[in-house]
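All remarks here apply to the structure that follows.
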Amino acid sequence: MVDLPDDKILELSLKHNFWTWSAQARVNPIPVKKAKGVYFWDISGKRYLDFNSMVMCANIGHGDERVIQAIVQQAQELPFAGPQMATRPRALLGKLLAEVTPPGLTRFLYTLGGADANENAIKLARAFSGRQKILTRYRSYHGATYGAIAATGDPRRVAWEPGTMPGVVHFLDPYRYRSTFHRSNPNISEAEFCQDYLNHLEEIITYEGPQTIAAILLETVTGTNGVIIPPDGYLQGVRVLCNRYNILLIADEVMSGFGRTGRWFAVDHWGVVPDLMTMAKGLTSGYAPLGAVAMKTEIAEFFNDRVYEGGLTYNGHPISLAAAAAVIEVLREDHLVERAAETGQVMADMLAELKDRHPSIGDVRSIGLFGVVELVRNRQTKEPMAPFGRSSQEMANLKKFMLDHGVFVYTHWHTVLIIPPLIITPEQLTEGFSVLDEALAITDKASD
Ligand SMILES: Cc1ncc(COP(=O)(O)O)c(C=O)c1O
611 MVDLPDDKIL
621 ELSLKHNFWT
631 WSAQARVNPI
641 PVKKAKGVYF
651 WDISGKRYLD
661 FNSMVMCANI
671 GHGDERVIQA
681 IVQQAQELPF
691 AGPQMATRPR
701 ALLGKLLAEV
711 TPPGLTRFLY
721 TLGGADANEN
731 AIKLARAFSG
741 RQKILTRYRS
751 YHGATYGAIA
761 ATGDPRRVAW
771 EPGTMPGVVH
781 FLDPYRYRST
791 FHRSNPNISE
801 AEFCQDYLNH
811 LEEIITYEGP
821 QTIAAILLET
831 VTGTNGVIIP
841 PDGYLQGVRV
851 LCNRYNILLI
861 ADEVMSGFGR
871 TGRWFAVDHW
881 GVVPDLMTMA
891 KGLTSGYAPL
901 GAVAMKTEIA
911 EFFNDRVYEG
921 GLTYNGHPIS
931 LAAAAAVIEV
941 LREDHLVERA
951 AETGQVMADM
961 LAELKDRHPS
971 IGDVRSIGLF
981 GVVELVRNRQ
991 TKEPMAPFGR
1001 SSQEMANLKK
1011 FMLDHGVFVY
1021 THWHTVLIIP
1031 PLIITPEQLT
1041 EGFSVLDEAL
1051 AITDKASD
């Protein structure tokens, strides 16, 4: 590699790089130098505990030699082959994915990441069903490309509207803490709560015309919009509605897959098999870019004599496929899915304890190692610590405190997401939680 002194990394990156999701004059990147396990280090040697798995993707942790070696070996044997070629990692990964994904999902289309996985799932659903509309939820993120941002329900789509992909209709999420339907009866039973949101969805299906709807696309457990865990029965109920109206169910498991929730995929908690399932992030744990669409056999077979009109130069890149195969082997060998379930229990207890002690915490939720702290100015009114879709001084200060004290977290509006690598130990969790505990003094001061 061209030699570049460490102290040039930040300077040159700022000079020549155009940053995504950023006002260019306000970026403040960490000049990261190395990463190992649950930590990464900047060029000055400062260590950060990675409470966000970098971009919610480093499920197996950083710097795992087994994956690095798989990438090196693949680079030596065959660094690239076109998307129409059969290669060793393509053969191997499909077999492994068929073993870990829900039964009946037998064929896999490889993409470059999560957004284009969702776009391909939408295309497959539209072609297979002959229908156009896609129903997704308001509190969702499905990616930033033209189609995926249209499918996204959260405000990240707004800057590009109305010029995005047509045909998306949004509906409400079963978000108990801020449930629109249950402000006057918040203690309603889980079953009734669940049924109200299924009724809402069915009403939307009716208004839109079931014969026009190709698919319902949803994050099984909502990620950046607040780790919203569906009530028992919800996903099964959506599956029933899909069957009733002949609508395909697409589960976006980009963030919730590969052990994140303590099961291989979040759908496994509720025994629901979607027709299409999208994946990325944990699939390679970030070691190389890759996404995938898993599909039922009948959807793949629909294209036996029809051409699937879609594909990119780097679909099925051998290095990414080899990384993914190695990651799945690491997840299995080290029992990381089971470990995430166990450590997830420890994290749930820590979250509950934190909530007891901090008035600015309105709610905490987690499933496996997928957690969120929801910050409010007042527990009764639930006024969020930052307005919907925006940040606030308190949230910015909290994040700065965490970073200054060596804990890397993702804050989203009024929430702090806690999504560490699945290899994290209870002691390392405690390390991060004690910094969060101190940081919460900032938001507690703003809360009454
Ligand atoms: C649930 C979900 N779907 C899709 C995406 C898009 O993935 P990518 O950034 O790899 O395109 C993300 C990214 O955060 C995500 O969280």
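In terms of my numbering, the sequence shown opens at residue 611 and continues consecutively.
Ideal Cβ positions, reconstructed from N, Cα and C, are used throughout, including at glycine.
These numbers come from a predicted model, not from an experiment.
SER1001 in three-state terms, based on DSSP: coil
Can you tell me whether GLU818 sits near ligand 1, meaning its C-beta is under 7 Å from at least one heavy atom of the ligand? The answer is no for GLU818.
Sub-8 Å separation of ASP862 and LEU828 beta-carbons: yes
When you measure from the CB of SER794 to every non-hydrogen atom of ligand 2, does any distance come out below 7 Å? The model depicted lacks ligand 2 and carries ligand 1 instead.
Would you call the segment 665-672 and the segment 1023-1033 touching, i.e. three or more CB-CB distances under 8 Å? yes
Find out if the Cβ-Cβ distance for the pair LEU886, ALA934 is shorter than 8 Å. no
Whose CA, out of LYS705, ARG854 and GLY777, lies closest to the CA of GLU818? GLY777
Would PRO841 be called buried (16 or more neighbouring beta carbons within 10 Å of its own) or exposed? With 16 or more Cβ atoms within 10 Å of its Cβ, PRO841 is classed as buried.
Distance, SER794 Cα to ALA680 Cα: 56 Å
Taking DSSP's pairing of strands, which residues face PRO994 in a bridge? VAL986
Where do the ends of the alpha helix (DSSP H) carrying LYS891 lie? Premise fails: LYS891 is in no alpha helix (DSSP H) and is neither H nor E.
How about ASN728: is its Cβ closer than 7 Å to a heavy atom in ligand 1? yes
Say yes only if the C-beta of GLY920 is nearer than 7 Å to one or more non-hydrogen atoms of ligand 1, and no if none qualify. no
Would the beta-carbon of VAL956 be found less than 7 Å away from any heavy atom of ligand 1? no
Per DSSP, which residues does SER976 bridge with? Please list them. According to DSSP, SER976 bridges with GLY981.
Below 7 Å, is the gap between the Cβ of ASP613 and the nearest heavy atom of ligand 1? no
With DSSP collapsed to three states, give me the class of GLU863. coil
Can you tell me the Cβ-Cβ gap for CYS852 and LEU859, rounded? I've got them flagged as a contact below 8 Å. Confirmed, about 4 Å.
Answer yes or no: the CB of ASP862 versus the heavy atoms of ligand 1, is any distance below 7 Å? Checking the Cβ of ASP862 against ligand 1 gives yes.
Could you check how far apart the C-beta atoms of TRP874 and VAL710 are, in whole angstroms? I think they sit under 8 Å. Going by Cβ atoms, the distance from TRP874 to VAL710 rounds to 5 Å, so yes, they are a contact pair.
Check for me: the alpha helix (DSSP H) holding GLU800 runs from which residue to which? 800-818
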